[in-house]
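**Q** Reading the sequence shown from the start, the letters are residues 6 to 383 in this note's numbering.
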Amino acid sequence: MPGFYEFFAGGGMARAGLGEEWNCIFANDFSERKAKAYRENWGEKHLLVEDINKISSATLPGHADLAWASFPCQDLSLAGNGAGLDGERSGTFWGFLKLIQGLKADGRKPSMVILENVYGTLTSHEGKDFEAIAKSVAGEGYNFGAVVMDAVQFVPQSRPRVFIICIDENFTIPEEVISDRASPAWHPDKVISAYNSLPKKVKSKWKWWRMPEPAQPLMTLEEIIEDEPQGVKWNTTKETQKILSMMTPLNCQKVIAAQQTGQVKVGTIYKRTRDGIQRAEVRFDGIAGCLRTPSGGSSRQTIMVVEGPQIRTRLISPREAARLMGLPETYVLPSKYNEAYHLVGDGVVVPVVAHIKQNVLHPIINANSQQQFRMHVA
């Protein structure tokens with residue numbers, strides 16, 4: 006059974022995606038609130054709550070096959086402050102890299118590293134931040150490549166994220182998981198531009214990861230939304246009218262069109278500031294907007310259910326948000342709304358992790374001798 010370290014673990018969503026086939030031997034997060042949820046679901050045996058910059062490689066037990074790091078996105082996000090890898094939050098990447106370097110010096114370098122972050126990682130500081138990450142992983146002896154995976158291919162939520170998959174340069178990579186060129190499914194123009202901007206030496210370490218597109222049936226937004234949710238209440242008529250009054254004519258027309266179908270239509274709403282005016286923007290395409298943490302001014306997502314003349318609105322419930330992240334019904338959520346919403350909105354989509362595991366990690370493990378991968382005791 007391969008083992009892994011889970012950095013910036015949050016509620017353990019990477020762990021959920023790797024599943025029981027993988028053994029967690031260490032998990033870390035800075036937030037005590039998130040750590041509480043982690044313990045509720047996974048126990049506390051391997052969890053350390055600490056600033057990653059204060060952890061040394063000597064603290065890490067054993068020899069992990071994989072180091073997963075969904076490092077903070079605030080400074081790399083297009084909606085963030087633009088600080089990039091020099092920022093206090095996203096700059097924790099360097100703390101993670103220091104641990105990888107320490108493990109390497111100890112002879113315990115993870116065979117695989119996966120870095121996950123927002124789409125803006127590719128373009129932050131005109132691509133210089135991505136180049137810095139690429140140079141760093143290449144310099145530590147990894148072949149690597151980036152893919153953009155949108156959660157909408159797995160769950161009804163628009164959530165594109167960058168995954169930088171890094172494999173020890175001494176490992177055999179089977180032909181089935183790489184291609185000679187970019188794939189439209191996983192390598193949009195910004196990935197190709199990021200690759201083209203890399204120095205020749207770093208570019209030589211690049212791999213165009215190849216995965217099949219997901220084949221499992223999609224759960225619909227209507228299946229996720231409950232008529233009697235836990236943790237939230239339906240808005241009053243007056244509150245719903247206020248939301249409608251915040252819509253532009255275009256968004257009002259979307260509501261009218263939904264009414265005219267004669268069917269029950271479920272939409273999602275985000276409140277955004279446009280030209281200094283707060284607006285409510287709705288979509289009825291069966292896809293929820295990207296879940297965001299309710300900090301830094303981001304609004305929480307609102308549900309709108311239209312059935313003929315009847316219009317109802319409310320906040321999305323914590324359980325509904327968890328379903329949009331692919332978490333199982335058995336996953337224990339915090340009892341406080343904002344804590345639950347923040348936990349899931351700041352995580353990685355579970356079936357996306359599972360897809361990478363099944364179509365990249367496992368074939369690489371199978372292509373290399375079992376002696377190169379350590380068997381870990383839980």
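All C-beta atoms in this analysis are idealised placements derived from N, C-alpha and C, irrespective of residue type, glycine included.
In angstroms, rounded to a whole number, what distance separates the CA positions of Thr177 and Ser116?
**A** Answer to the nearest angstrom: the Cα atoms are 11 Å apart.
**Q** Does the Cβ-Cβ distance between Trp213 and Ala187 come in under 7 Å?
**A** Yes, these two residues count as a Cβ contact at 7 Å.
**Q** Measure from the alpha carbon of Pro217 to the alpha carbon of each residue in Val365, Ala63, Phe35, then state which is nearest.
**A** Ranking Val365, Ala63, Phe35 by Cα distance to Pro217 puts Val365 first.
**Q** Taking three-plus beta-carbon pairs below 8 Å as touching, is the segment 252-265 in contact with the segment 137-155?
**A** Not touching, per the Cβ criterion.
**Q** Using the beta-carbon count (16 or more within 10 Å), is Val269 buried or exposed?
**A** Counting Cβ neighbours within 10 Å, Val269 comes out exposed, since fewer than 16 surround it.
**Q** In the DSSP output, what is Asp70 paired with across the bridge?
**A** DSSP lists no partner for Asp70.
**Q** Consult DSSP for Met251 and reduce its assignment to one of helix, strand or coil.
**A** Note: Met251 maps to coil in three-state DSSP.
**Q** Can you tell me whether Lys195 is buried or exposed? The criterion is at least 16 other CB atoms within 10 Å of its CB, across all chains shown.
**A** With 16 or more other Cβ atoms within 10 Å, it is buried.
**Q** Let me make sure I understand the geometry here. Which of Met309, Cys257, Cys295 has the alpha-carbon closest to that of Thr242?
**A** Checked all of Met309, Cys257, Cys295; the closest Cα to Thr242 is Met309.
**Q** Do you know whose CA, among Asn28, Ala199, Val167, lies nearest Asp70's CA?
**A** Of Asn28, Ala199, Val167, the residue nearest in Cα terms is Asn28.
**Q** Can you confirm whether Thr245, when its beta carbon is compared against all beta carbons of chain D, has any partner nearer than 7 Å?
**A** In the structure shown, chain D cannot be found, because there is only a single protein chain.
**Q** Tell me which same chain residues have a C-beta within less than 8 Å of the C-beta of His360, skipping the five on either side of it?
**A** Closer than 8 Å at the Cβ level, and outside the excluded window around His360, lie Met154, Phe159, Met216, Pro219.
**Q** Using the C-alpha atoms, what's the distance from Tyr200 back to Thr335?
**A** If you take the alpha carbons of Thr335 and Tyr200, they lie about 40 Å apart.
**Q** According to DSSP, what are the bridge partners of Gln283?
**A** BP columns for Gln283 point to Thr278.
**Q** Can you tell me the Cα-Cα spacing of Arg166 and Asp232, whole angstroms?
**A** Approximately 31 Å between the Cα atoms of the pair.
**Q** Under 8 Å Cβ to Cβ from Pro234, same chain only, skipping five residues before and after it: list those, please.
**A** Cβ neighbours of Pro234 beyond the five flanking positions: Arg319, Ser322, Arg324, Glu325.
**Q** Using C-beta distances below 7 Å, list every residue in its chain close to Phe101, excluding the 5 sequence neighbours before and after it, in chain order.
**A** Here the set comprises Phe12, Ile57, Ala74, Phe76.
**Q** Quick check on this structure: which residue in Ala372, Val337, Leu338, Arg328 has the alpha carbon closest to the alpha carbon of Ala156?
**A** Checking every option, the nearest Cα to that of Ala156 belongs to Arg328.
**Q** If you follow the beta strand (DSSP E) that Leu348 is part of, which residue opens it and which one closes it?
**A** Unbroken run through Leu348 is the alpha helix (DSSP H), 342-350; no beta strand (DSSP E).
**Q** When we look at the beta-carbon of Ile282 and count the other beta-carbons within 10 Å, is it buried (16 or more) or exposed?
**A** The residue is exposed, with fewer than 16 neighbouring Cβ atoms inside 10 Å.
**Q** Within its chain, find whatever has a CB closer than 8 Å to the CB of Arg284; leave out the 5 residues flanking it on each side and keep chain order.
**A** These residues qualify, in order along the chain: Met251, Met252, Thr253, Asn256, Lys276, Arg277, Thr278.
**Q** Could you check what DSSP says for Tyr147 in three-state terms: helix, strand or coil?
**A** In this structure, Tyr147 counts as strand in the three-state DSSP scheme.
**Q** Using the C-alpha atoms, what's the distance from Gly125 back to Asn86?
**A** Low confidence applies to Asn86: its pLDDT is 48, below 50, so where it sits in the model is not reliable enough to give any reading.
**Q** With a Cβ-Cβ cutoff of 7 Å, do Thr298 and Gly350 count as a contact?
**A** Taking 7 Å as the Cβ cut-off, Thr298 and Gly350 qualify as a contacting pair.
**Q** What are the partner residues of Asp173, as DSSP defines its beta bridges?
**A** Tyr147.
**Q** Are the beta-carbon atoms of Gly272 and Arg288 separated by less than 7 Å?
**A** Against a cut-off of 7 Å, the Cβ pair of Arg288 and Gly272 comes out as a contact.
**Q** Go ahead and label Asn240 buried or exposed: buried means 16 or more other beta carbons lie within 10 angstroms of its beta carbon, across all protein chains shown.
**A** That one is buried.
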